[in-house]
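Below: one structure, written as structure tokens.
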Amino acid sequence: EHPSLQLPNTGDKIQYITPGHLTPDFLELANIFIYLPEIKYFPSFFGPILARIKTLHFPSLPRSQDSIWLLASKKGLLTLELTWAFQEVGLKVRLIEEEDEPNLLALLTQERPKLALSLNAWGLDSWGKIQFLLQERKIPLLCWLLDNPFNVLSKFRGHFFKNLYFLLTDPFFLPWLQKKGLENLFFLPLASCPQIFAHSTPLKEYQSQLLFISRSTFPGYHQYFAGLSLDQEIIKAGKEELARKKRPDLSWLSQKREITLSQARYLNYQIHHLNLLYRQSMLQHIGQKQELKIVGDSNWKRYVDIPLLPPVDYYTQLKNVYKSASFVLNLTNFLLPFSLNQRHFDVWLSDSFLLTDYTPGLKIFPQEIIDHFSFNTPSELDKKINILEKDSRLKNDIKNFCKQEILQKHTYKHRVAHILNLVELFS
Numbered sequence: 001e002h003p004s005l006q007l008p009n010t011g012d013k014i015q016y017i018t019p020g021h022l023t024p025d026f027l028e029l030a031n032i033f034i035y036l037p038e039i040k041y042f043p044s045f046f047g048p049i050l051a052r053i054k055t056l057h058f059p060s061l062p063r064s065q066d067s068i069w070l071l072a073s074k075k076g077l078l079t080l081e082l083t084w085a086f087q088e089v090g091l092k093v094r095l096i097e098e099e100d101e102p103n104l105l106a107l108l109t110q111e112r113p114k115l116a117l118s119l120n121a122w123g124l125d126s127w128g129k130i131q132f133l134l135q136e137r138k139i140p141l142l143c144w145l146l147d148n149p150f151n152v153l154s155k156f157r158g159h160f161f162k163n164l165y166f167l168l169t170d171p172f173f174l175p176w177l178q179k180k181g182l183e184n185l186f187f188l189p190l191a192s193c194p195q196i197f198a199h200s201t202p203l204k205e206y207q208s209q210l211l212f213i214s215r216s217t218f219p220g221y222h223q224y225f226a227g228l229s230l231d232q233e234i235i236k237a238g239k240e241e242l243a244r245k246k247r248p249d250l251s252w253l254s255q256k257r258e259i260t261l262s263q264a265r266y267l268n269y270q271i272h273h274l275n276l277l278y279r280q281s282m283l284q285h286i287g288q289k290q291e292l293k294i295v296g297d298s299n300w301k302r303y304v305d306i307p308l309l310p311p312v313d314y315y316t317q318l319k320n321v322y323k324s325a326s327f328v329l330n331l332t333n334f335l336l337p338f339s340l341n342q343r344h345f346d347v348w349l350s351d352s353f354l355l356t357d358y359t360p361g362l363k364i365f366p367q368e369i370i371d372h373f374s375f376n377t378p379s380e381l382d383k384k385i386n387i388l389e390k391d392s393r394l395k396n397d398i399k400n401f402c403k404q405e406i407l408q409k410h411t412y413k414h415r416v417a418h419i420l421n422l423v424e425l426f427s
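Encoded structure:
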């Protein structure tokens with residue numbers, strides 16, 4: 001595997017073999033010694049070999065047609081929604097929360113699921129041991145990247161992840177990942193869950209003309225970006241872009257700097273800072289003309305002088321908060337420049353009206369409807385609000401159209417159906 005490392009000539013004393021020689025019959029006769037450091041030096045080479053050895057005596061099992069494994073945190077993003085969606089199409093879901101190789105080995109002797117789906121590479125270890133075990137047992141393994149792929153893929157200590165099947169919520173990353181040698185890439189946006197958002201009741205304390213519902217930053221922000229400093233050249237250029245009413249997002253930065261996995265955390269820190277400046281500026285400008293309130297954490301008080309309401313639980317109260325507002329404001333994440341977030345779907349199902357800054361990800365909706373609820377500047381937003389407040393029939397027509405569009409094309413049941421179709425194509 002390494003050109004400068006050549007095996008010595010030992011005559012007939014040692015027989016060198018290739019992985020292709022490792023048939024069950026051969027392994028049955030062999031005494032196997034494993035030099036553990038090699039696994040970390042060459043995981044792509046030794047990982048599949050060890051997986052074959054560990055599963056040598058496992059029974060041959062038919063692939064189940066009614067069960068899947070979901071590698072995710074019990075309280076993590078989309079775990080509940082996808083569990084319900086898979087169950088809705090008649091599949092049993094086994095949740096695997098830990099990178100627990102012994103437990104996985106025990107499960108592999110009992111069942112062979114229709115597929116294994118990892119959310120943000122959850123349940124997959126840094127050295128590929130779990131991945132190789134599933135692949136050795138011929139279990140289709142997909143990884144849905146819900147967040148910035150740079151943040152997720154940096155956990156892997158080798159290139160073995162390149163032969164995984166990846167689903168991406170943000171199509172911006174598709175060409176970048178293809179250049180890095182990843183071939184099995186598929187665009188799959190987020191969606192909504194009717195069981196959670198279809199029935200909502202307004203809350204008096206959250207009634208407002210315009211609500212912005214968001215954290216000031218993501219959980220674990222300080223730990224993730226610990227030790228990093230701002231790049232003044234990038235920040236200066238980004239501020240100039242903001243002054244021109246442009247978006248200095250990751251797409252913008254990729255045209256100025258080469259983005260590598262080793263640099264991703266540093267560059268993401270710069271974009272995260274510019275994103276905060278953007279949100280701060282947009283909220284202040286919008287708040288001067290509109291009755292704007294923020295639903296979020298107390299850190300917002302450090303950035304903007306806008307009335308603040310306490311955060312609510314996503315699964316039980318957020319739909320009611322959406323319903324309480326005449327309009328719900330959304331500002332997209334610069335770290336996911338072409339992506340849609342949950343608000344792009346959930347707000348409409350809650351019988352509210354979304355107003356969002358424009359992102360290319362909106363193209364999954366009909367263009368003629370996008371123009372009614374997207375904007376690029378605060379002045380554009382003001383014009384749209386004025387038009388919609390004067391024409392309640394137009395507002396209701398747009399709201400009803402978008403709700404039906406979500407129900408007919410963009411629920412997690414639709415996403416699960418797409419995943420199952422993909423599995424059938426490459427199984």
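In terms of our numbering, the sequence shown has 238 at position 238, counting the first letter as 1, and numbering is strictly consecutive.
By construction, the Cβ of each residue, glycine as well, lies at the ideal position given by its N, Cα and C atoms.
Straight-line gap, residue i to residue j (C-alpha atoms, nearest Å)
i: residue 90; j: residue 221; result: 39 Å
i: residue 294; j: residue 217; result: 14 Å
i: residue 1; j: residue 106; result: Its pLDDT being 47, under 50, residue 1 is placed unreliably in this model, and the coordinates cannot settle the point.
i: residue 263; j: residue 150; result: 9 Å
i: residue 206; j: residue 328; result: 12 Å
i: residue 239; j: residue 87; result: 48 Å
i: residue 372; j: residue 393; result: 13 Å
i: residue 34; j: residue 172; result: 42 Å
i: residue 182; j: residue 163; result: 7 Å
i: residue 384; j: residue 194; result: 28 Å
i: residue 139; j: residue 230; result: 44 Å
i: residue 30; j: residue 158; result: 28 Å
i: residue 391; j: residue 379; result: 19 Å
i: residue 83; j: residue 417; result: 13 Å
i: residue 27; j: residue 76; result: 41 Å
Beta-carbon gap between residue i and residue j smaller than 8 Å
i: residue 342; j: residue 190; result: yes
i: residue 281; j: residue 323; result: no
i: residue 377; j: residue 359; result: no
i: residue 234; j: residue 253; result: yes
i: residue 104; j: residue 72; result: no
i: residue 311; j: residue 160; result: no
i: residue 92; j: residue 126; result: no
i: residue 169; j: residue 374; result: no
i: residue 119; j: residue 261; result: no
i: residue 142; j: residue 165; result: yes
i: residue 296; j: residue 277; result: no
i: residue 292; j: residue 283; result: yes
i: residue 320; j: residue 203; result: yes
i: residue 53; j: residue 32; result: yes
i: residue 410; j: residue 192; result: yes
i: residue 36; j: residue 423; result: no
Candidates the options: closest to residue i by CA position
i: residue 117; options: 15, 146, 199, 319; result: 146
i: residue 344; options: 70, 364, 390; result: 364
i: residue 367; options: 405, 180, 266; result: 405
i: residue 210; options: 264, 301, 242, 381; result: 381
i: residue 334; options: 269, 69, 219; result: 269
i: residue 60; options: 426, 274, 86, 24; result: 24
i: residue 68; options: 55, 85, 237; result: 85
i: residue 288; options: 304, 278, 17; result: 304
i: residue 101; options: 78, 121, 128, 75; result: 128
i: residue 201; options: 302, 316, 356; result: 316
i: residue 337; options: 346, 354, 362; result: 362
i: residue 99; options: 46, 16, 131; result: 131
i: residue 357; options: 245, 416, 426; result: 245
i: residue 20; options: 75, 313, 355, 48; result: 48
i: residue 196; options: 78, 18, 46; result: 78
8 Å contact criterion, which residue i and residue j should meet: CB distance rounded
i: residue 62; j: residue 112; result: 7 Å
i: residue 413; j: residue 348; result: Not quite, the Cβ-Cβ distance comes to about 16 Å (not below 8 Å), so this is no contact.
i: residue 266; j: residue 228; result: 6 Å
i: residue 325; j: residue 352; result: 6 Å
i: residue 174; j: residue 187; result: 7 Å
i: residue 369; j: residue 398; result: 6 Å
Assigned exposure category for residue i - 16 Cβ within 10 Å defines buried
i: residue 213; result: buried
i: residue 419; result: buried
i: residue 109; result: exposed
i: residue 271; result: buried
i: residue 400; result: exposed
i: residue 81; result: buried
i: residue 318; result: buried
i: residue 199; result: exposed
i: residue 208; result: buried
i: residue 40; result: exposed
i: residue 148; result: buried
i: residue 248; result: buried
i: residue 395; result: buried
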